[in-house]
Every structure is written in C-alpha cells, then in structure tokens.
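Take 64 as the starting number for the sequence shown in the working numbering and just add one per residue. All C-beta atoms in this analysis are idealised placements derived from N, C-alpha and C, irrespective of residue type, glycine included.
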Amino acid sequence: MPLDALYQEIILDHFKNPHNFGKLDGPSTAVHHENPSCGDQLDLQISIDAQHRIGQIRFYGRGCAISQSSASMMTELVKGKTVAEARDAIASFFHMLTGQGESKVALGDLAALSGVKQFPVRVKCATLAWKALESCLQHSQVVP
C-alpha cells in the first residue's frame, strides 16, 4: 500500500471511529477551542493524577476529518503520560507541522498528518486539539 493511501486510511479511521471521544466526570481541567477559519469546535477534558500523569483524557466536538482525527490520535499518544511528556509531544507535533521548535517524541500514527504542512490553512485544523491540550496543561490541577 502506498504511504499516502496508508496515511489517508489512518486519518479516516480515527475520524469515523474516534478514540477517547465523549465527556469525563469531574475532569481536572476542561477547555473549549474553535477554529474560526472553518468552524471546527473541540472541547478537551483531562484528569491529572497525583503522579502528574494524564490519567484520563476525552474530547468532543465537531469538525473536519483532520481536526477530529488529530484529536483522537493525540489523546491516544498522551494518555498515561506525565505532564512533561505531554508537553514534549506538543512540541514534537508542532515541529512536524511547522518546522519550529524541537522534536522530542516519536509521534506514531500522527505522522499521517505530516502532509498537512503543505496546506497552511489546514495546519490550524490539525493543531486545534494540541492547542487545547496546551491550555489544559497550563490550567490543570492534580486530582487526588
């Protein structure tokens, strides 16, 4: 299977069958982010445990295949990670799409979104969930 076809399949699978979609009971932090360019909307909720790990993470909202699949793959990558590891993942994802910053984490299936960098207007779609995660981590509190 050609790489482009594989990447398209990964994106569509996460769009049609999103992982960690829904709401949490009693999250540490919840944020709402929108992409005014295209109307994508995303709510992200996380729970940080006493070891500063993302114990639970869920998202819900509506948007294009890129924004929703990016959110789905992001939740899979950072679930169970420490806050510091999640911040490294954010930096690595932004590096992949913009070339800025430093890549510190292997992104796995998220590499399927690497082609988005050729379409600057779509970069906002791909980074919506990641910006929401960044906001959550800035405002998070440990849940006992």
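| Query | Result |
| --- | --- |
| Can you give the Cα-Cα distance for A134 and S166, rounded to whole angstroms? | 19 Å |
| Quickly, what does DSSP pair R125 with across the bridge? List them, please. | Q104 |
| So what's G118 in DSSP terms, helix, strand or just coil? | strand |
| Alpha carbon to alpha carbon, what distance is there between R121 and A189? | 17 Å |
| Would you check if the distance between the CB atom of A154 and the CB atom of G164 is smaller than 7 Å? | yes |
| Could you compute how far the alpha carbon of H202 sits from the alpha carbon of H82? | 23 Å |
| Quick check: what's the CA-CA separation for Y123 versus I117? | 17 Å |
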